[in-house]
Amino acid sequence: MAERKVIDARGSFCPGPLMELIAGIKMVGVGDEIEVLSSDKGSAGEIPQWLKKVGHEHLGTSEQDGIWHITVRRSK
Amino acid sequence: MPSSKIRIIVLSDKREALQMAGMVASVGAVSGHDVLVFVSMNALRYFRKDAAERAPAEGPMGRLMEEKKVMPFQDLFAHAVDLGGAKIHPCSMAVDVLGLQPGDLVAYMGEPMGLTQFLDEADDAQVWSF
Chain A
0 MAERKVIDAR GSFCPGPLME LIAGIKMVGV GDEIEVLSSD KGSAGEIPQW LKKVGHEHLG
60 TSEQDGIWHI TVRRSK
Chain B
0 MPSSKIRIIV LSDKREALQM AGMVASVGAV SGHDVLVFVS MNALRYFRKD AAERAPAEGP
60 MGRLMEEKKV MPFQDLFAHA VDLGGAKIHP CSMAVDVLGL QPGDLVAYMG EPMGLTQFLD
120 EADDAQVWSF
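One line per chain: the protein sequences are A and B, in this order. Read in numbering that gives the first Met the number 0, the first sequence has 38 at position 39, and its numbers run on one by one without any break. Read in numbering that gives the first Met the number 0, the second sequence has 54 at position 55, and its numbers run on one by one without any break.
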């Protein structure tokens, strides 16, 4: 069963949320999911770009009250 | 599987330029690029372990970054090394002029590098200067 880890990067500016995600990805297993919470709009665009480049899966992004929820699956 | 080489020359002592250099280094390194940073001139003193002084803002953006507590550029360079395997070297000339001893610089800095070696490293690379 895949685990889901939440990384609360609210208040951190680009590329802080991306760096927190990368540090977090190293801590979870392949197939596990991570949800990044970010108040930085730039990071909401940047993180999916990075995922595409390095080959992890972007499960989705949603925004609620100025907070972006970016969900990721570690693929390798 | 680095997709290309990125070489970054960091000279400025201003917060904005140091921040942008740290951003390019960290994002480049974690995106699979082979990143090497060469730190010289007025930038090097901010990489001393005992650096008490903060890099001054050049303009309103730098002041705003201070106010909003944007991640310090030193942390971005540390992420470039720790998360992306970047290499960061002080310029050997600057080390000599400042009279720095081994161990005076932050732990993620590599050995002093001369310009001949840096230029060799910069062959066939994207080169960014800040």
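Backbone N, C-alpha and C fix where the C-beta goes; we use that ideal spot for every residue, glycine too.
Delimiting residues of the beta strand (DSSP E) encompassing residue i
{"i": "residue 125/B", "result": "125–128"}
{"i": "residue 45/A", "result": "Where residue 45/A is concerned, there is no enclosing beta strand (DSSP E), although the alpha helix (DSSP H) it sits in stretches over 40–53."}
{"i": "residue 23/A", "result": "Per DSSP, residue 23/A belongs to no beta strand (DSSP E); it is in the alpha helix (DSSP H), 15–24."}
Close Cβ partners of residue i (< 7 Å) along its chain, the five nearest in sequence each way excluded
{"i": "residue 0/B", "result": "Low confidence applies here, because residue 0/B scores a pLDDT of 48, under 50, leaving its location unreliable; read the following figure in that light. Cβ neighbours of residue 0/B beyond the five flanking positions: 31."}
{"i": "residue 107/B", "result": "76, 77, 80 and 87"}
{"i": "residue 110/B", "result": "88"}
Of the residues the options, the one placed nearest residue i, counting alpha carbons only
{"i": "residue 77/B", "options": "12/B, 4/B and 23/B", "result": "23/B"}
{"i": "residue 64/A", "options": "1/A, 2/A and 9/A", "result": "9/A"}
{"i": "residue 18/A", "options": "93/B, 70/B and 46/B", "result": "70/B"}
{"i": "residue 92/B", "options": "5/B, 112/B and 85/B", "result": "112/B"}
{"i": "residue 157/B", "options": "46/B, 20/B and 58/B", "result": "Nothing can be reported for residue 157/B, as the shown portion of chain B is limited to 0 through 129."}
Neighbourhood of residue i by C-beta, 6 Å cutoff - its chain only, sequence neighbours within 5 removed
{"i": "residue 28/A", "result": "none"}
Distance CB(residue i)-CB(residue j) smaller than 8 Å
{"i": "residue 72/B", "j": "residue 18/B", "result": "yes"}
{"i": "residue 61/A", "j": "residue 55/A", "result": "no"}
{"i": "residue 21/A", "j": "residue 82/B", "result": "yes"}
{"i": "residue 97/B", "j": "residue 43/B", "result": "yes"}
{"i": "residue 12/B", "j": "residue 54/B", "result": "yes"}
Contacting residues, own chain, Cβ-Cβ under 8 Å from residue i (five flanking each side not counted)
{"i": "residue 50/A", "result": "56, 57 and 71"}
{"i": "residue 14/A", "result": "42 and 45"}
{"i": "residue 3/B", "result": "32, 33, 124 and 125"}
Where the alpha helix (DSSP H) containing residue i begins and where it ends
{"i": "residue 96/B", "result": "91–97"}
Proximal chain D residues relative to residue i, where beta-carbon distance stays under 8 Å
{"i": "residue 25/B", "result": "Among the protein chains of the structure shown, namely A and B, there is no chain D."}
Could you tell me which uninterrupted alpha helix (DSSP H) segments, each at least 4 residues in length, are contained entirely in the stretch 8–75 of chain B, listed from first to last along the chain? 14–29 and 59–66
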